[in-house]
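According to the working numbering, the stretch in the sequence shown is residues 434 to 832, in order.
Backbone N, C-alpha and C define an ideal beta-carbon position, used for all residues, glycine too.
These figures come from a predicted structure and were not determined experimentally.
Okay, structure first, notes after.
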Amino acid sequence: MRKPTPENLTSFLRQPPLPRFRSRLHDERTASLIGTALGAAFATAFLTGLISHVLQHPPSWLAHHLPTRPSWGYRLTQGLHVASGIAAIPLLLAKLWTVYPKLFEWPPLKSALHALERLSILVLFAGAVFELVTGLLNSAQWYVWGAQFPFIQTHYWVAWITVGALIVHIGVKAPAIARGLRSPKKELVEAYEADLEAQRRGVSRRAFITTTAVAAGAVTVATVGESVTPLASVSVLAPRNVEVGELGLPVNRTAAQAGVTRAVTGADWRLRVTGGSRALSLSLDDLAALAQTSAALPIACVEGWSVGAHWQGVRIGDLLDLAGAPHDADIRVTSLEKNGAYAVMVMQRQYARDPSALLALRLNGQPLTLDHGYPARIIVPNRPGVLQTKWVQQMAVIA
Ligand SMILES: Nc1nc2c(c(=O)[nH]1)N[C@H]1C(S)=C(S)[C@@H](COP(=O)(O)O)O[C@H]1N2
Ligand SMILES: [Mo]
434 MRKPTPENLT
444 SFLRQPPLPR
454 FRSRLHDERT
464 ASLIGTALGA
474 AFATAFLTGL
484 ISHVLQHPPS
494 WLAHHLPTRP
504 SWGYRLTQGL
514 HVASGIAAIP
524 LLLAKLWTVY
534 PKLFEWPPLK
544 SALHALERLS
554 ILVLFAGAVF
564 ELVTGLLNSA
574 QWYVWGAQFP
584 FIQTHYWVAW
594 ITVGALIVHI
604 GVKAPAIARG
614 LRSPKKELVE
624 AYEADLEAQR
634 RGVSRRAFIT
644 TTAVAAGAVT
654 VATVGESVTP
664 LASVSVLAPR
674 NVEVGELGLP
684 VNRTAAQAGV
694 TRAVTGADWR
704 LRVTGGSRAL
714 SLSLDDLAAL
724 AQTSAALPIA
734 CVEGWSVGAH
744 WQGVRIGDLL
754 DLAGAPHDAD
764 IRVTSLEKNG
774 AYAVMVMQRQ
784 YARDPSALLA
794 LRLNGQPLTL
804 DHGYPARIIV
814 PNRPGVLQTK
824 WVQQMAVIA
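This is how it looks when you write it as structure tokens:
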């Protein structure tokens with residue numbers, strides 16, 4: 434380290450003795466490669482999150498254009514949402530390792546543009562950590578924040594802020610990213626030799642990127658079995674074991690948790706269909722006497738697990754016809770559950786009139802159990818699990 438003398442005092446003060454980073458793990462190429470993978474993971478999580486949000490809270494101009502097919506569409510997008518979020522965790526850690534020497538740059542703020550860049554990184558980093566942590570806790574159904582903290586709205590709005598900061602960051606960094614991703618032949622040879630040299634001294638870039646890729650792949654495989662059933666047995670870190678559950682399907686919220694008892698689901702239970710030209714009040718026997726339809730449809734939960742199942746019951750469209758409901762009517766479905774967030778749900782006409790949209794009475798060949806929504810529950814293609822209402826009491830035509 435230099436010593437301050439009267440001659441070099443000014444430059445000494447201007448340039449403090451900061452650490453120097455020569456490893457290739459901190460160069461533009463490593464940062465660009467890992468940053469590109471991280472950017473792709475975030476873009477996937479953002480777009481699939483947007484799809485999930487729109488399916489649950491459709492703006493009126495879009496509500497009647499949401500597709501009911503493919504029936505596994507939401508299973509795919511929500512599976513991708515959780516998988517890309519989980520893969521982003523090791524990628525984010527690797528990216529931080531790559532760029533942390535920038536914290537030691539001097540002077541810390543060089544220009545207005547540089548200040549903007551630093552600020553966008555701060556927002557990007559804070560937002561990314563927030564999204565990954567809250568998303569991970571949600572998929573683990575670990576609601577540490579309780580009812581006071583609105584997970585859904587916060588996760589949604591912070592996603593927009595984070596993506597805004599990401600776009601600024603990519604814009605500002607475009608030249609460096611382009612340099613980092615371009616790899617002319619001469620540079621390749623140099624990089625190879627430097628890697629050999631670095632291998633003798635420490636971790637090479639290739640080893641670092643391989644390790645990061647393996648880590649991202651491993652956490653994905655260890656959790657993605659939640660929505661890709663054939664991988665369930667290797668998904669040792671998945672918060673849900675989708676292979677266990679009553680009638681071969683996990684239970685999200687039990688009847689006891691929802692305050693639904695045997696008393697209100699007994700022989701006196703009636704399904705009411707209202708708002709058409711005939712009001713219906715049907716017992717379970719009445720429903721079982723109507724034409725029964727089968728459908729193979731998954732429950733695809735917003736918490737990131739999905740399981741396919743075989744359902745049997747009465748077509749919702751048949752019930753609406755019986756009640757004299759107009760063909761273009763949306764319906765409001767109400768559960769016996771009193772206060773839950775998913776006790777009431779709106780179903781747009783295209784879902785209600787889909788030939789495999791059922792008021793299900795049976796699951797995987799057996800009568801529904803109380804926890805799966807006995808006496809009758811909704812199952813509709815390509816909708817989030819939160820909208821597959823259990824313990825149905827009423828279907829009302831929305832005027
Ligand atoms: N009435 C009511 N229906 C509900 C819920 C609820 O909390 N209340 N949870 C939903 C959620 S989040 C999911 S994923 C599915 C789970 O259905 P299952 O427990 O039969 O697997 O039910 C849905 N139906
Ligand atoms: Mo769910």
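Ligand 2 and residue i: does any heavy atom of the ligand fall closer than 8 Å to the residue's C-beta?
i: residue 819; result: yes
i: residue 736; result: yes
Is residue i a contact residue of ligand 1, with contact defined as CB to any heavy atom under 8 Å?
i: residue 685; result: yes
i: residue 805; result: yes
i: residue 770; result: yes
i: residue 506; result: no
i: residue 678; result: yes
i: residue 784; result: no
i: residue 831; result: no
i: residue 744; result: no
Got a sec? Which residues, its chain only, sit under 8 Å from residue i by beta carbon, not counting five neighbours each side?
i: residue 724; result: 747, 748, 751
In angstroms, rounded to a whole number, what distance separates the CA positions of residue i and residue j?
i: residue 527; j: residue 637; result: 14 Å
i: residue 787; j: residue 559; result: 43 Å
i: residue 839; j: residue 692; result: Since the first and last residues shown for the chain are 434 and 832, residue 839 lies out of range.
i: residue 738; j: residue 829; result: 30 Å
i: residue 684; j: residue 494; result: 34 Å
i: residue 789; j: residue 722; result: 18 Å
i: residue 466; j: residue 793; result: 49 Å
i: residue 536; j: residue 542; result: 11 Å
i: residue 697; j: residue 809; result: 12 Å
i: residue 630; j: residue 646; result: 22 Å
i: residue 600; j: residue 613; result: 18 Å
i: residue 492; j: residue 572; result: 26 Å
i: residue 827; j: residue 806; result: 14 Å
By the DSSP assignment, the alpha helix (DSSP H) with residue i in it spans what residues?
i: residue 827; result: First-last for residue 827: 825-830, but that is the beta strand (DSSP E), not the alpha helix (DSSP H).
i: residue 612; result: 584-614
i: residue 733; result: Where residue 733 is concerned, there is no enclosing alpha helix (DSSP H), although the beta strand (DSSP E) it sits in stretches over 726-733.
i: residue 638; result: 638-657
Output needed for residue i: all residues of its chain with C-beta closer than 7 Å, excluding positions within five of it in sequence on either side, in chain order.
i: residue 588; result: 564, 567, 568
i: residue 474; result: 517, 520, 521, 524
i: residue 639; result: 628
i: residue 825; result: 704, 766, 768, 792, 809, 810, 811
i: residue 715; result: 703, 704
Cutting at 6 Å between CB atoms, please list the residues of its own chain near residue i, excluding the five before and the five after it.
i: residue 656; result: 519, 668, 670, 671
i: residue 797; result: 680, 681, 742, 743
i: residue 765; result: 779, 829, 831
Taking the continuous beta strand (DSSP E) assigned at residue i, which residues delimit it?
i: residue 779; result: 777-780
i: residue 569; result: Careful: residue 569 lies outside any beta strand (DSSP E), inside the alpha helix (DSSP H) at 545-572.
Under 8 Å: do the region 449-460 and the region 487-500 share three or more Cβ pairs, one atom per stretch? no
Do three or more CB pairs link the region 479-492 to the region 698-709 at distances below 8 Å? no
Can at least three beta-carbon pairs, one atom from the region 588-607 and one from the region 475-484, be found at a separation below 8 Å? yes
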